[in-house]
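Protein chains in written order, with our numbering: chain Z, 42 to 444; chain D, 42 to 444. A short write-up of the structure that comes next.
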């Protein structure tokens, strides 16, 4: 057998370092021996890898554990809570938010402010966001953490592998590269790592932080802020699509000859289950309501309060939205065969009123409908997912993030 | 750096052997140096790997090439046309077929017989198929080839990673494990390697043998025999779904309050674009037509002849089917963002009559619809895909297929 070429040895070392970090992240209180058993490498190989990761400030030792096995108890390993951290930012239609999470996935700093971003000039919006990111970066440095990167969640389509928002209808932004507007304003967090669709990041948050053991490999995550977003996870990976536009459940036709949609389509789900559609179906004027109830979640608060008070028009509107979601999800389930459908974002809050009609519709159309669950992260998902995507990048490629 | 554990070295060797085989398969007339350049290993490492593959009967040397480079011209490498071969079998509603392909992807033996498999007893069907497989295996042995495995294509849902047909509505089979019925009857082809849905194998054939350079990474492949099948390829891999049931485009609702479907759903695509639906819309009695025109492709021949003769009812029925396909595919495109939609199977033959309405419907609903192309493989896809899946398994894991 030929000696493998250096490129491949290097790849193998990187992969093994990443496997050690992921084992520690996923495995609870593991010693070196525990890591070795978990990933199937020798104790000696793991020790060398662990020493390198300790030196790089990515791992830390918590002192001797109680292994229950014969011999000296091994030292328990943990991801460092002082090394690199991930910074996430969210541009909502009516808010901006920034948070930082450490390698252990704990939120260490979080800031959110109300904002009026609908049909906005992007320059001041991004200037304000950059200011929040800068403040967050300073604050985490005070905690002994080092920002390893920034991911920004936006309510719109992002061209795959770029930082360009192709279309964010509610912000009124098209073909806009966020990096030059935001990048130089983020000292210490490096260049903008990534810009991603909020529904994608919400789904990744569910995958990484949703509290599932084991993590569900295949699911459809449906969320909403103003529009309806969705994302598809297949074998533990986000399905992005050719252009990065996959997951547009909001524009699946549910009433094929129904209402025209702003996207140019006809009878799209968003026209029957989007926030404005629900408000209109409940007898409200969406524009007037948005003016009287600004801020993130305010219209959802209103709908929940009215539904709780027994308002029949609101309850009916939410039932109809649940039915329309069920019709669109029937198509998605037939195409994707997911293990679960997860309701996230604002839909998680509305779930008690949506679920009965949604499940009835799935049951009417599918022989074996998948279970529909409700995300614990709810509207926090996209921001948590944004910050945690940076942490995942560190765990996946530790050599690039040594001190 | 610790010495990598043996498992991983072994994995790396297997991966490198597979990379050499795939480079030779994809790269045209390559020498050892050409392979090394293509896969980024050293010339020495590649030579050792090539020698091992020559010894295993998987590669062969074609004599000196003209490299155009300085120095001795390298010997041109090719996959062996005498080593292992893949055997594919297809159970259609009205036919059985078997073929064998060599490592170069060339069909060496092919047999097809008409059969009446609708609502059939599986025992005699599989006995007949096993006989055809046995004859094919004998014939390829006479050509110096060695059957490395068998994959069977079925018009139904197959439980992921098993040989069990969960539901094949047109055959009338449910929860049927094909392996015990077929396995012992296939000497020399080993145990049944795999049973897979015909639409999945048609899509894989398009990926591997469709004549695309480069192969499209993401596409939706829509095919039909009696039902409507589809399969989704993402980043060059088939999307299987949790249970193995992904790609059920035929049961996406296109007229949500329309005709009841045999699946228990309502307004499914199959009720508007399946063979029976098209025959009925064209004014035929599907059962009478099937009795008068048995055999694979016979009703498609009839529809093509009538449409070509200007039969307005048939042309309208095909237009309506195209429109219904467009509605269902709008949902699929929104969810998956494929680079292309490919019409395969019987739909490839009907494409001239379906495409205008299909593309009009996509254009009416989508801002940037993907191109719709027609498979060159047509109804041959599933059988070719079945046989070639065995070849791919040999290329992916050469150590398991040494002589």
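Think of the CB as a built atom: it goes at the ideal place given N, C-alpha and C, for glycine as much as any other residue.
Please list the partners that residue i has in chain D, where partner means a Cβ-to-Cβ separation under 7 Å.
i	result
residue 437(Z)	Going along chain D, no residue has its Cβ under 7 Å from residue 437(Z), so there is no contact; the nearest lies around 17 Å.
residue 372(Z)	293, 294, 372
Given this structure, state the Cα-to-Cα distance separating residue i from residue j, to the nearest angstrom.
i	j	result
residue 131(Z)	residue 308(D)	40 Å
residue 368(D)	residue 419(Z)	32 Å
residue 404(Z)	residue 129(D)	37 Å
residue 297(D)	residue 295(Z)	7 Å
residue 76(D)	residue 64(D)	6 Å
residue 44(D)	residue 86(Z)	Reliability of the predicted coordinates at residue 44(D) is poor, the pLDDT of 36 falling under 50, and the value obtained from them is presented with this limitation in mind. Their Cα atoms are separated by approximately 7 Å.
residue 51(Z)	residue 88(Z)	18 Å
residue 101(Z)	residue 119(Z)	5 Å
residue 330(D)	residue 349(D)	18 Å
residue 391(D)	residue 319(D)	11 Å
residue 160(D)	residue 90(D)	51 Å
residue 157(Z)	residue 68(Z)	43 Å
residue 199(D)	residue 408(Z)	16 Å
residue 221(D)	residue 163(D)	12 Å
residue 265(Z)	residue 315(Z)	8 Å
residue 399(D)	residue 149(Z)	52 Å
residue 201(D)	residue 224(Z)	46 Å
residue 305(Z)	residue 312(Z)	12 Å
residue 249(D)	residue 240(D)	14 Å
residue 326(Z)	residue 289(Z)	26 Å
residue 147(D)	residue 209(Z)	49 Å
residue 445(D)	residue 218(D)	An answer regarding residue 445(D) cannot be provided, because it is not within the stretch 42 to 444 covered by chain D.
residue 356(D)	residue 137(Z)	55 Å
residue 189(D)	residue 55(D)	18 Å
residue 244(D)	residue 415(Z)	34 Å
residue 442(D)	residue 338(D)	37 Å
residue 174(D)	residue 139(D)	6 Å
residue 72(D)	residue 435(D)	21 Å
residue 259(D)	residue 292(D)	21 Å
residue 53(Z)	residue 273(Z)	30 Å
Within the 7 Å Cβ cut-off, does residue i reach chain Z?
i	result
residue 297(D)	yes
residue 264(D)	no
residue 289(D)	yes
residue 203(D)	no
residue 431(D)	no
residue 305(D)	yes
In chain D, which residues lie less than 8 Å from residue i when you measure between Cβ atoms?
i	result
residue 311(Z)	Residues of chain D passing the Cβ test: none, with the nearest at roughly 11 Å.
residue 259(Z)	282, 283
Who are the neighbours of residue i on chain Z, taking C-beta pairs under 8 Å?
i	result
residue 239(D)	Per Cβ cutoff of 8 Å: no residues; residue 239(D) is ~17 Å from chain Z at best.
residue 376(D)	271, 273, 287, 288, 289, 290, 293, 372, 373, 376, 377
Comparing the C-beta of residue i with each C-beta of chain D, is any distance below 7 Å?
i	result
residue 294(Z)	yes
residue 380(Z)	yes
residue 368(Z)	yes
residue 230(Z)	With a pLDDT of only 49 at residue 230(Z), under the threshold of 50, the placement of this residue in the model should not be trusted, and no figure is reported.
Under 7 Å Cβ-Cβ, which residues of chain Z neighbour residue i?
i	result
residue 341(D)	Ordered by position in chain Z, no residue passes the 7 Å Cβ test against residue 341(D), which lies about 24 Å from the chain.
residue 207(D)	Those within 7 Å of residue 207(D) in chain Z number zero; the least Cβ separation is about 10 Å.
Which bits of chain Z does residue i rub up against, with CB to CB less than 9 Å?
i	result
residue 211(D)	What residue 211(D) touches in chain Z: nothing, since even the nearest Cβ is about 16 Å away.
Interface positions of the segment 395-418 of chain Z facing chain D (Cβ-Cβ less than 9 Å), listed along the chain | So the close ones are 405, 406, 407, 408, 409, 411.
Ranges of the alpha helix (DSSP H) found wholly within the segment 319-363 of chain D, counting only runs of at least 4 | Qualifying alpha helix (DSSP H) stretches, in chain order: 327-333, 339-349.
Alpha helix (DSSP H) segments (min. 4 residues) lying fully within the segment 155-221 of chain Z | Here the runs fully enclosed are 163-183.
Contained beta strand (DSSP E) runs [length at least 3] in the segment 236-270 of chain D, N- to C-terminal order | List check, beta strand (DSSP E) in window: 260-265.
Residue ranges of each beta strand (DSSP E) within the segment 120-156 of chain D, 3 or longer = Qualifying beta strand (DSSP E) stretches, in chain order: 125-132, 136-143, 148-155.
At 3 residues or longer, and completely inside the segment 271-314 of chain Z: list those beta strand (DSSP E) runs for me, N to C.
-> Taking only runs of at least 3 residues, no beta strand (DSSP E) segment lies wholly in the segment 271-314 of chain Z.
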